[in-house]
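To start, the structure under review is shown below, and the notes come after it.
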Amino acid sequence: MKNSKKSLMHVLGVSILLSVSSTSFAELIMDAPGGAGQAALSWSSEDAQQLLNGDVSALVEEVSPQGSTKITTSVRSSNGVVTQSAPKTVQILSNSGYSNQPQVNARAALVMDSQTGEVLYSKNSNAALPIASITKLMTAVVIADARLNMSEEITLKQIDFAGAGGKNSSSTLRAGDSMNRAEALLLALMKSENPAAAALARTFPGGRSAFIATMNAKAKSLGMSSAHYVESTGLDPHNIASARDLGILVSAAYQYGLIRQFSTTPSYDFNLGYRVLKSNNTNALVRNGGWNINISKTGFINEAGRCVVMHTTLNNRPAVVVLLGASSSQARTNDATRLMGWVTQLPKRI
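Residue numbering for the sequence shown is -26 to -1, 1 to 324, as defined by mature numbering (1 follows the signal peptide of the UniProt record, and there is no 0).
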C-alpha cells in the first residue's frame, strides 16, 4: 500500500501460554506481569507506530493446549535467553457487599479487582445479552493467537460491507481500500470499523467459518460459559455473552500487548494511499484522558444498547469494568465514571 513501508522484522518474540479453567467463572488463572529479569510486555505509543510503519513485528502470542491451569509468560530476549515469571492464581470472590454502591443505567454491569479476583460491583452479571462490537475484542484475540503476518496487505471487498443480522455496515471505509493486517486490527479495535473486522475474518486461514469456530473455541477454553459468536463484527445480535463472561475475556485480552496498545490509541491517521482517514477512539474516556485505561472496547446496536468493557488502574488497583445495555453514550460514560470514581474510594484488599 505504501512504498515507505518495510516488511515486519521479527525483532521481538513473546510467547504467552494462556488457559483458564472452563469449570466456572470462580477461578481465573492469571500471571502477574513483571519480575526480576523479565522484559516488559506493554508497548509505548512509539512502538505501536513502528509496527504500523512496518519496522517491528507484532507481539507473538500462542495458546497452550486446553487443560492447563495456569498462565506462564515466557520472553525470549535478543540474545536468545528465555525467562519466565511464576504463575499466580487469582480466586474470583463473590460480591463483598460494599456500602454506598452507585446506581447504574446499564442493564448489566461488573467491576472486578483483576489482581485479587474480588467482584466489587455486580448487576445482572450472569445474564447473557447481545454484546455488539465488544465482539471485536475476541476478534483481536483470535488474530493475535494465530500469529499471522501483520504486514500482509488486505484489500476490502464489497462483502466486508454487507453487515450482519440484516444491518448495513456504516463506515468511512470503501471497497477497494487497502491496508496491512495491523492497520485493520487497529481500525477494528480503536474506531470499531465493521468492514475491518469482517476482512480480518475473511482473510483468516480457512476463511470466515474457521474464524467463527475459533472464536467459539477460544471462548469455551476461557470458561466463557454463556458466550456465543456468529460473526466477527458484533452487528449480529446473536453474538451474546454475560458481563461475567466479558470479565474473563478482558482479563485474558490484557495479556496481549498489541491489544492493550491498539484498543487505547486515542487517534490515528490512516494513510490509504490516495486519502488519509483521520480516526478517533470510540471511547470518550480514552479520547479525553484522565483515567489510566489499559484496554477499551465500546459497542452499540439497537438490541444491545450502549456497551463498554475496560481494564483500568484505579488507586493502584487493577480493575475490569463491564457495562452492557446503557440507554445512551452519555449514560454509558456516566455509569463508567461513577463506578470508577467509587472504586477509587474503596479500601484495597491486602
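All residues carry an ideal CB built from backbone N, CA and C; glycine is no exception.
The structure displayed is predicted, hence computed values, not measured ones.
Residue burial classification, residue i (beta-carbon count within 10 angstroms, cutoff 16)
i	result
Ala187	exposed
Asp243	exposed
Gln229	buried
Arg148	exposed
Ala191	exposed
Ser166	buried
Gly208	buried
Ser301	exposed
Arg261	exposed
Asn290	exposed
Asn74	exposed
Ser96	buried
Ile108	buried
Ile275	buried
Gln235	buried
Gly263	exposed
Pro104	buried
Val250	exposed
Thr307	buried
Ile267	buried
residue 326	What the structure shows of the chain is the stretch from -26 to 324, and residue 326 is not part of that stretch, so it cannot be assessed.
Thr318	exposed
Glu205	buried
Ala310	buried
Residue i - DSSP class collapsed to helix/strand/coil
i	result
Gly273	strand
Ile133	helix
Ala6	At Ala6, the pLDDT of 26 sits below 50, so the modelled position is not reliable and the matter cannot be decided from this model.
Ala120	helix
Pro321	coil
Gly208	coil
Asp151	coil
Glu126	coil
Val78	coil
Glu157	helix
Pro104	strand
Pro169	helix
Ala300	strand
Met198	coil
Lys110	helix
Thr311	helix
Thr188	helix
Ser96	strand
Ala138	coil
Thr177	coil
Trp316	helix
Distance between beta carbons of residue j and residue i, contact taken as under 8 Å
i	j	result
Leu84	Gly221	5 Å
Gly150	Leu130	7 Å
residue 329	Arg280	No information on residue 329 is available, as it lies outside the stretch -26 to 324 that the chain covers here.
Leu160	Thr239	7 Å
Ala217	Tyr203	Ala217 to Tyr203, Cβ: 16 Å. No contact.
residue 400	Ile128	The chain is shown from -26 up to 324; residue 400 falls before or after that span and cannot be answered.
Ala278	Ala156	Between Ala156 and Ala278 the Cβ distance is about 28 Å, and since that is not below 8 Å, they are no contact.
Phe135	Pro179	Incorrect: roughly 23 Å between the Cβ atoms, too far for contact.
Ile269	Ala201	Wrong, their Cβ atoms sit about 17 Å apart, outside the cutoff.
Lys271	Lys110	6 Å
Val224	Val294	5 Å
Taking only runs of the alpha helix (DSSP H) that begin and end inside the region 225 to 285, which ones reach a length of at least 4 residues, in chain order? The DSSP assignment places 231 to 237, 258 to 262 as complete runs of the alpha helix (DSSP H) inside the region 225 to 285, in order along the chain (cut-off: 4 residues).
How do the region 101 to 114 and the region 311 to 322 stand: do at least 3 beta-carbon pairs fall below 8 Å, yes or no? No, because fewer than three Cβ pairs between the region 101 to 114 and the region 311 to 322 fall closer than 8 Å, the two stretches do not touch.
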